[in-house]
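Protein chains: 2
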Amino acid sequence: MRDVAVIGVGMSEFGELWKKSLRQLFVDAASAAIEDAGVEKIDSMYVGCMSGGLFVGQEHLASVLADYLGVASIPACRVESACASGGVAFRQGYIEVASGMSDVVLVGGVEKMTDVDGAQATYALATAADQEYEVYHGVTFPGLYAMVANAYMHKFGTTRKQMAHVPVKSHKHGSMNPKAQYPFEITVEGVLESTRVADPLRILDCSPITDGAAAVVICPLETAKKLSKKPLVKVAGTGHSTDTIALHDRDDLTEFAATIRAGEAAFKMAGVGPKDIDVAEVHDCFSIAEICVLEALGFAERGKGGEGAESGETALGGRIPVNTSGGLKSKGHPVGATGVAQIVEVTEQLRGESGKRQVEGAKRGLTQNMGGSGGSAVVHILEVA
Amino acid sequence: MRDVAVIGVGMSEFGELWKKSLRQLFVDAASAAIEDAGVEKIDSMYVGCMSGGLFVGQEHLASVLADYLGVASIPACRVESACASGGVAFRQGYIEVASGMSDVVLVGGVEKMTDVDGAQATYALATAADQEYEVYHGVTFPGLYAMVANAYMHKFGTTRKQMAHVPVKSHKHGSMNPKAQYPFEITVEGVLESTRVADPLRILDCSPITDGAAAVVICPLETAKKLSKKPLVKVAGTGHSTDTIALHDRDDLTEFAATIRAGEAAFKMAGVGPKDIDVAEVHDCFSIAEICVLEALGFAERGKGGEGAESGETALGGRIPVNTSGGLKSKGHPVGATGVAQIVEVTEQLRGESGKRQVEGAKRGLTQNMGGSGGSAVVHILEVA
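If you want it as structure tokens, here you go:
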């Protein structure tokens, strides 16, 4: 298989974008990525989207979006894996380029979530959980992650206050990201006093409902050397796995097995370990998720994932800066776009283009994107070629 | 890229299966395919499904279905391209095996359409058309294909009666398929006198709402030679393309450009032409679709696609038997499963396992699967290795 490089990145603004449709958001991000790559044409296209059907009444996004991008004569494929849709789309694009099937591939992710009201959005998101055994009984994602949080606090003694440092750290990063939905800082007290959603989770522990799109252009590394004038960013590793869809089928609620396996596969392929990563974007859909994910990836010891944000280890300037973009919490979480937006952030970090939130000398970054309560997960490792 | 073979096939019954859930249908088909392949394990999995969200309130199917199949530790990816979801999923599986990324890959397709009423099913299916410019104005798929039919009859002089021979031929084939939803014969008079849906289309021109699943196991051809005791079926060609999502953006309503391009790509890769194909499964969602598709693939001259069913050319025993399974019309059309079910039928034909509907001496077959009113299309050519 051929080495693959990311040669272009683009993102729409993230937020409540009532004046932009799903197709417009996608075209904004895709056009920016194509322009950044400096390519004349793309050979094939992937798009990650969780639920065009339930959010905007539009499936068949491969056709719609290829059409509105002006490339409706190429292969285009929509990929769905709930909130991991974008990350899985990137992996499919990677496989297509690595295989030799196509040379220049666009991978986008998009979600338009604010055309429906909050109840309908919560219903749509809940279709990522087990419809027959979880959702039927009335639980939605804040409730599921609240169970994870309670189990974690009980098992490891992590405090509610420690957990609050996670979104505080992410908002600090996000305050430096002009495309973030909530680009402002929050405080630990603010988190603890915010509206209760599902005990122990408060609203400032929860990623928001967001409209947005992100896109990247990838090609063989050898082609990138000729095409691109920017620092070359290579896909060093990819890993993808699944786990039981329902929490009740797991031995340990606090262990995200799909992320563990996806991480192991990506690290093995890249020939590196957690200590070799300079910057990471992980799936902090809820504060507790970032904590468990950092442990699953080997960035923190078991039971100690809650300490990094408090100690500053996961902040800019710390040992392993996590979610420099602001993460899902501050940057926003347009579910199908998130996995691709993570690739955008890490690529910009490795190119040294992250401005105020630049991790100095970053040479290797990791992205982790997951669906549901961890029923699917995908990990990528990017490095300066 | 490596040569790829189909080594296992499986299908659930197709029909109104009120006692089987989406996950059960998928597991039935996937288990049958794995047993037929005789493999101990699969490395990765794809599933084509159009709208788990709108039909059963369940997205994140990669995780749900890997879990219920008992393989929730492998990469799994759901692919959606409206009614072409199954065919596109097969192509993604092909790319993954051909690339060297994985060896044994399961590709399934599934749709559970009868848990909602007819109006909701029609709404869900209409999300494959242009939501903003077609569906918003009240048109659904029978209306869109009726426009194609009227344009075609006007342009080429094909009669309403000629068109009726298409479903008559397909039902004759389907009457020999024990898994078909409607395994009985119909008459030309019956079609012409059946309920009007959208002029000139009658209900017996329209494929039905169906529950069902299909699955295949693929692996490198070299591995297949060691593993399989059955005749080896190789993937000789694959092609995939898109077209404008909306009919009003096309120069000619009767020309399916995505199918033309996908067919050209698949024929080129296989190094053969339409005359070299012994059996074909094509996307006859409406009678007029089969007619236009046969022309797009070069099986009929332009304007003469309506003559094959009447003359017997596309029937069993004819020059190019089309839809020996009964096609979408008689076998049924669980939208996400259809593209994979086409691969099942052609594989069985090439293995000589099709019983009463066997095409004698079939050595090479083609499948064509499309989404919406042809906004996406995928073509595969299989041949005896």
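Just so you know, the sequences run in chain order A and B. Everything in the first sequence is counted per the numbering used here, starting at 147 for the first residue and increasing by one. Everything in the second sequence is counted per the numbering used here, starting at 147 for the first residue and increasing by one. We treat Cβ as the ideally placed atom computed from N, Cα and C, and that holds for glycine. If you're wondering where the values come from, they're calculated on a predicted model, not measured in any experiment.
Check	Outcome
Minimum C-alpha distance to B/Val379 - residue among B/Ala326, B/Glu499, B/Ala404	B/Glu499
Proximity of B/Ser231 and B/Gly472 at Cβ, strictly below 8 Å	no
Distance, B/Gly463 Cα to A/Ala212 Cα	40 Å
Beta-bridge pairing of B/Ile527 - partner residues as DSSP gives them	B/Gly383, B/Leu512
Per DSSP, the bridge partner or partners of B/Val152	B/Ile364, B/Val379
Pick from A/Pro366, A/Leu393, A/Asp389 that is closest to A/Ala382, judged by C-alpha positions	A/Pro366
Simplified DSSP assignment, three categories, for B/Tyr279	coil
Separation of B/Ile364 from B/Val253, as counted between CA atoms	8 Å
Whole-Å CB distance - A/Val243 paired with A/Gly194, under 8 Å assumed	Not confirmed; about 16 Å, so no contact.
C-beta contact flag for B/Thr400 and B/Tyr298 at 8 Å	yes
Stretch-stretch touch, CB-based, cutoff 8 Å, three pairs: the stretch 160-169 of chain B with the stretch 184-193 of chain B	no
Sequence-distant residues of its chain with Cβ nearer than 7 Å to A/Gln327 (five each side left out)	Phe160, Gly161, Pro354, Thr356, Lys477, Gly478
Within-8 Å CB hit, B/Ala228 to chain A	yes
Neighbour list for A/Leu200 in chain B, Cβ cutoff strictly below 7 Å	Gly199, Leu200
Rounded straight-line distance, which links the Cα of B/Asp249 to that of B/Pro480	28 Å
Stretch-stretch touch, CB-based, cutoff 8 Å, three pairs: the stretch 396-411 of chain B with the stretch 173-184 of chain B	no
Distance between beta carbons of A/Gly517 and B/Ser227, contact taken as under 8 Å	B/Ser227 to A/Gly517, Cβ: 19 Å. No contact.
Buried or exposed (CB count within 10 angstroms, at least 16 for buried), B/Ile220	buried
Same chain, Cβ closer than 8 Å to A/Tyr279, five either side skipped, listed in chain order	Ala392, His394
Through-space distance from A/Asp389 to A/Ser522, alpha-carbon basis	6 Å
For B/Asp424, three-class secondary structure by DSSP	coil
Burial state of B/Ile349, where buried means 16 or more other Cβ atoms lie within 10 Å	exposed
Residues bridged to B/Asp395 [DSSP beta-bridge criterion]	Looking at the DSSP assignment, B/Asp395 forms no beta bridge with any residue, so it has no partner.
Inter-residue CB distance, B/Asp345 and B/Phe432 (contact presumed, cutoff 8 Å)	So it is not a contact: roughly 13 Å between Cβ atoms.
Closest by C-alpha distance to A/Met322, when choosing among A/Asn515, A/Ala531, A/Thr384, A/Arg503	A/Arg503
Inter-residue Cα distance where the pair is A/Ala404 and A/Ala295	18 Å
Min CB distance B/Ser209 to chain E below 8 Å	In the structure shown, chain E cannot be found, because the protein chains are A and B.
Cross-chain neighbours of B/Ile466 in chain A, by beta carbon under 8 Å	Residues of chain A passing the Cβ test: none, with the nearest at roughly 26 Å.
Rounded Cβ spacing between B/Val530 and B/Leu474 (contact assumed at less than 8 Å)	So it is not a contact: roughly 26 Å between Cβ atoms.
B/Met247: contacting residues in chain A (beta-carbon distance under 8 Å)	Met147, Ile241, Ala244, Ser245
Short-range partners of chain A found in the stretch 479-497 of chain B, where Cβ spacing is below 9 Å	none
Contacts that A/Met196 makes with chain B (C-beta to C-beta distance below 7 Å)	Glu205
Under 7 Å from the C-beta of B/Gln308: neighbouring residues of chain A	Simply none; closest approach about 30 Å.
For B/Gly255, the first and last residue of its enclosing beta strand (DSSP E)	251-257
Where B/Asp174 falls: helix, strand or coil (DSSP)	helix
Proximity winner among B/Gly417, B/Glu506, B/His386, B/Asp263, relative to B/Thr513 (alpha-carbon distances)	B/His386
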